[in-house]
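Let me begin by presenting the structure, written as structure tokens, before commenting on it.
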Amino acid sequence: MARERTFLDKFFLFVKGLAMGAANKVPGVSGGTVSFVLGFYEEMIYSFQKINYKAVLLLLNGRFKSFYYYVNAPFLLLVFAGSTFSYFSVSLVLDYLLTHYELYVWSTFFGMILGSIYYISKEFNDWRTKNIISILIGAIIGIAISFMNPAKENDNLWFVFVCGIIGVSGMTLPGLSGSFILILMGNYVLLLVDSVAELFKTITEVVTGDFSFQNNAERVQYLKVIATFTAGSAFGLVITSHILGFVLKRWHQIVTAVIIGFIAGSLGIVWPWKREVYKMQDGINLLDAKGNKVIENYTRYFPDLSISETWIAVLFVLVGVGIILLVDKYGEDQKEFINEK
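The opening position of the sequence shown corresponds to residue 299 in this note's numbering, with each subsequent residue numbered one higher.
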């Protein structure tokens, strides 16, 4: 029988949700990689698989407690409470750091992804030809995605729903950044910046008893957009989780090999000294430090880096690797503790 989670376990699961939520918002960084490295990826996938016909029947029959435990709700609620809270807390800190210490943030991410490749690969000892080919296929797909150009912004609700389905892939597919995919689809700013800001503003007003937003057509449209995006994301999570759960059970080694290759191929997106991240075109804009849509061609700008700044960036790469090694050590300690129990 599995050991029941202690309060400390639940706290760290919430923190892991925070980390996944922050990663999901950063273009080039995969929340799925975070969940994989932090050791709750497979539980998350299999928990989403439980949202099925049987779960619906339990709800319709009023067996709420049975439904609660059948879908592993204690786990899902902690992870997604952390992810949701992250959008209004940790991710704001991350936005600040990206504005003022961009090189060092990307260096840390690069180190963490390097470390995650080691983490995933260290127990992968099946180097048959088919798995090596799977690694190469994953790497090619990751590299190909990094060279794609973004589309135009589109707030059509059907398209937004599709964005939710595809964008949520960053949570379910390690190495694939959902935020970067949304950039390629043209809707990153609309869905993860503007709509989130309007939702937060609306919640703040409602708490104070102000319901005037109902008369603001633009605000209502933003709320429709984020509601549709959320619905698409929920739908996408369930569907992709069923698919991934199926393939993980039957072709676990091949899937792991593809993930290793995919993460390795995505390293180019987060290369710390890469000046041009992606090209913006035809009126697609990101925000500047003050939140204004004025940047038409987003590039990382590191003017005349000194030798000391370069070495500091290298140090942060090592810090990123070190974070993953510490997580790895924590995971091993947890396994030993569970086995002792």
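Heads up, the beta-carbon is just placed ideally off N, CA and C, and yes, glycines get one too.
Worksheet entry | Cβ-Cβ distance between GLY563 and ILE463 below 8 Å | no
Worksheet item: Where do the ends of the alpha helix (DSSP H) carrying ASN322 lie?
Response: 305-323
Fill in: Endpoints, the alpha helix (DSSP H) within which TRP569 is located
First-last for TRP569: undefined, no H or E at that position.
Worksheet item: Taking DSSP as the reference, what is the three-state secondary structure of THR526?
Response: helix
Fill in: Opening and closing residue of the alpha helix (DSSP H) in which LEU242 lies
Lying before the first or after the last residue shown, residue 242 is absent from the chain, which here runs from 299 to 639.
Practice prompt. Quick one: using the 10 Å Cβ neighbour count with 16 as the cut-off for buried, is ALA317 buried or exposed?
Written response: buried
Worksheet item: Run through DSSP, which three-state label would ARG517 get?
Response: helix
Discussion item. Comparing C-alpha positions only, which one of PHE312, PHE309, PHE383 and LYS420 sits nearest to LYS323?
Written reply: PHE383
Discussion item. Just to confirm my understanding: we take GLY543, look at its own chain, exclude 5 residues before and 5 after, and list those with CB closer than 7 Å. What are they?
Written reply: ILE343, TYR344 and GLN347
Worksheet item: Would you call LYS499 buried or exposed, if buried means 16 or more other Cβ atoms sit within 10 Å of its Cβ?
Response: exposed
Worksheet item: If you draw a straight line from the C-alpha of ILE415 to the C-alpha of THR427, how long is it?
Response: 19 Å
Worksheet item: If you compare alpha carbons, which of PHE533, GLY484 and ILE557 is closest to THR331?
Response: ILE557
Discussion item. Taking the beta carbon of LEU624 as the centre, do at least 16 other beta carbons fall within 10 Å, making it buried, or is it exposed?
Written reply: exposed
Discussion item. Applying the 10 Å Cβ sphere with the 16-neighbour rule, what's the burial state of GLY315?
Written reply: buried
Practice prompt. Pull up the distance between the alpha-carbon of ARG361 and that of LYS352, whole angstroms please.
Written response: Rounded to the nearest whole angstrom, the C-alpha separation of ARG361 and LYS352 is 11 Å.
Item to complete: Excluding the 5 residues preceding and the 5 following GLY308 in the sequence, name in chain order all residues of the same chain whose CB lies nearer than 7 Å to its CB.
Response: Per the sequence shown, the amino acid found at residue 308 is Lys instead of Gly. Excluding residues within five positions, the ones whose Cβ falls inside 7 Å are LEU376.
Worksheet item: So, is ASN359 buried or exposed, given that buried needs 16 or more other C-beta atoms within 10 angstroms?
Response: exposed
Worksheet item: Helix or strand or just coil, what does DSSP make of ILE349?
Response: coil
Worksheet item: For ILE552, which residues of its own chain have a beta-carbon under 7 Å away from its beta-carbon, when the five flanking residues on both sides are left out?
Response: LYS428, ASN429 and SER432
Worksheet item: So what's VAL619 in DSSP terms, helix, strand or just coil?
Response: Here VAL619 sits in helix by DSSP.
Fill in: As assigned by DSSP and simplified to three states, the class of VAL466
coil
Worksheet entry | Buried versus exposed, by CB contacts within 10 Å (16 or more), GLY618 | Classification of GLY618: buried, given that the 10 Å Cβ count is 16 or more.
Worksheet item: Under a three-way DSSP split, which group does GLY589 fall into?
Response: For GLY589, the predicted structure reports a pLDDT of 48, less than 50, and the residue's modelled location is therefore unreliable. A value from the coordinates is still provided. Of the three classes helix, strand and coil, the one that applies to GLY589 here is coil, per DSSP.
Discussion item. Using 8 Å as the threshold, is the C-beta distance between LEU497 and ILE524 below it?
Written reply: yes
Practice prompt. Please classify MET483: does DSSP put it in a helix, a strand, or coil?
Written response: Coil.
Fill in: Residue of SER405, ILE622 and THR554 minimising C-alpha distance to LEU471
THR554
Practice prompt. Pull up the CB-CB distance for GLY329 and GLY476, whole angstroms please, since I reckon it's below 8 Å.
Written response: 7 Å
Worksheet item: What residue from LEU311, PHE533 and ASN350 has the CA that sits closest to PRO372's CA?
Response: Closest option to PRO372, judged by alpha-carbon separation, among LEU311, PHE533 and ASN350: LEU311.
Worksheet entry | Sub-8 Å separation of PHE560 and GLY380 beta-carbons | Contact annotation: PHE560 and GLY380 have beta-carbon atoms that are not nearer than 8 Å.
Discussion item. Let me make sure I understand the geometry here. Which of ARG303, SER606, ARG517 and LEU535 has the alpha-carbon closest to that of TYR339?
Written reply: When each option's Cα is compared against that of TYR339, the closest is LEU535.
Practice prompt. Could you tell me if ALA321 is buried or exposed, where buried requires 16 or more neighbouring beta carbons within 10 angstroms of its beta carbon?
Written response: buried
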